[in-house]
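Q: Adding 2 to a residue's 1-based position in the sequence shown gives its number in our numbering.
This is the structure I want to talk about, given as structure tokens.
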Amino acid sequence: MNVTATTVLDEVVPANAPWSAIVRAGDILDIIDLHGNQAVDCLLYSAADHTDRYSAQATVAAQGNIFLTTGSMLLSENGTPLMTVVADEVGNHDTIAGACSQESNTLRYGHHTVHQHACVENFLTAALEWGLGKRDLVSNINWFMNVPVEADGTLGIVDGLSAPGKKVSLRAEVDTLVLVSNCPQINNPCNGFDPTPVRMVVTR
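Laid out in structure tokens, this is it:
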């Protein structure tokens, strides 16, 4: 029997902007890179208990891989499966490089960047709507971001592997609060030095 999926949410997130929503258990979230080479920073929380939140460490340890792709189960600090990557048109996503902030921008790129908006500020804006604050932010996922690791352990941030219209699809294993920063970084190639909109589609 064919089952037709119902779209329950379809929103475009402007360049540089935050976004958040609860994705119900069993629903599929498609994150679509509309113009290509756009990093999408992401945090996950159990909607029932915000202290049960995404853990990069638990996720990497469980899958034995520092990169995320189809089949990656995104685990919380307590080992709860929050979401699973069920389809991936890019094949490689980062979860170790973290989110840009005004502080890290000044350290990496110079004090003249101090005024620039960054992902941490986006996360804080999105978190506030759900009663969360800075202490609730943890190491995040960077969808579409290409972060190769050199033999000496050095992390690179280079041109992305994505292209216009490419997407990654996540199935919620429990009701999951998703926070997103559509990355505003313009000092490295993660956004091709030109941040662009992305699309978020939830189907049931």
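Ideal placement from N, C-alpha and C gives every residue a C-beta, glycine not left out.
The model shown is predicted, which means the values in this text are computed figures rather than measured ones.
What's the C-alpha gap between threonine 86 and cysteine 185?
A: Rounded to the nearest angstrom, the two C-alpha atoms are 22 Å apart.
Q: Could you round the C-beta distance between leucine 172 and asparagine 148 to whole angstroms and report it? I think they count as a contact, below 8 Å.
A: Actually they do not touch by this definition, with Cβ atoms about 19 Å apart.
Q: Where does the unbroken beta strand (DSSP E) through glutamate 13 begin, and where does it stop?
A: Segment 9-15, the beta strand (DSSP E) holding glutamate 13.
Q: Measure the CB-CB distance between leucine 1 and leucine 84 and report whether it falls below 7 Å.
A: Lying before the first or after the last residue shown, residue 1 is absent from the chain, which here runs from 3 to 206.
Q: Taking the continuous alpha helix (DSSP H) assigned at valine 62, which residues delimit it?
A: 58-65 is the span of the alpha helix (DSSP H), which, as asked, contains valine 62.
Q: Roughly how many whole angstroms lie between the Cα atoms of aspartate 177 and aspartate 138?
A: Aspartate 177 and aspartate 138: Cα-Cα distance of roughly 18 Å.
Q: Alpha carbons only, please: which of Asn193, Asn144, Ala23, Ala99 is nearest the one belonging to glycine 155?
A: Of the listed residues, the one whose Cα sits closest to glycine 155 is Ala99.
Q: With a 10 Å radius around its C-beta and 16 neighbouring C-beta atoms as the bar for buried, classify lysine 169 as buried or exposed.
A: The residue in question, lysine 169, is buried, as its Cβ has 16 or more Cβ neighbours within 10 Å.
Q: If you count every other CB in all the chains shown that lies within 10 Å of the CB of valine 116, and 16 or more means buried, which is it?
A: Exposed.
Q: Could you compute how far the alpha carbon of valine 88 sits from the alpha carbon of leucine 130?
A: Near 29 Å, if we compare the C-alpha coordinates of leucine 130 and valine 88.
Q: Between alanine 101 and asparagine 142, which are expected to be in contact by the criterion C-beta below 8 Å, what is the C-beta distance as a whole number of angstroms?
A: That belief holds up - the Cβ atoms of alanine 101 and asparagine 142 are roughly 5 Å apart, short of 8 Å.
Q: Do you know how far the Cα of arginine 206 is from the Cα of histidine 95?
A: Straight-line Cα distance between these residues: approximately 24 Å.
Q: Report the CB separation of isoleucine 33 from valine 200 in whole angstroms; it is logged as a contact under 8 Å.
A: Yes, they are in contact, since the Cβ atoms of isoleucine 33 and valine 200 sit about 6 Å apart, within 8 Å.
Q: Check alanine 129 in the structure and name its three-state DSSP category.
A: Helix.
Q: Buried or exposed: which applies to asparagine 80, given that a residue is buried once 16 or more other Cβ atoms fall within 10 Å of its Cβ?
A: Asparagine 80 should be labelled exposed.
Q: Would you call the CB atoms of aspartate 51 and valine 203 closer than 7 Å?
A: No, Cβ-Cβ distance for aspartate 51 and valine 203 is not below 7 Å.
Q: Pick from Thr9, Trp145, Asp54: whose alpha carbon is nearest that of aspartate 90?
A: Looking at the Cα atoms, Trp145 is the closest of the given residues.
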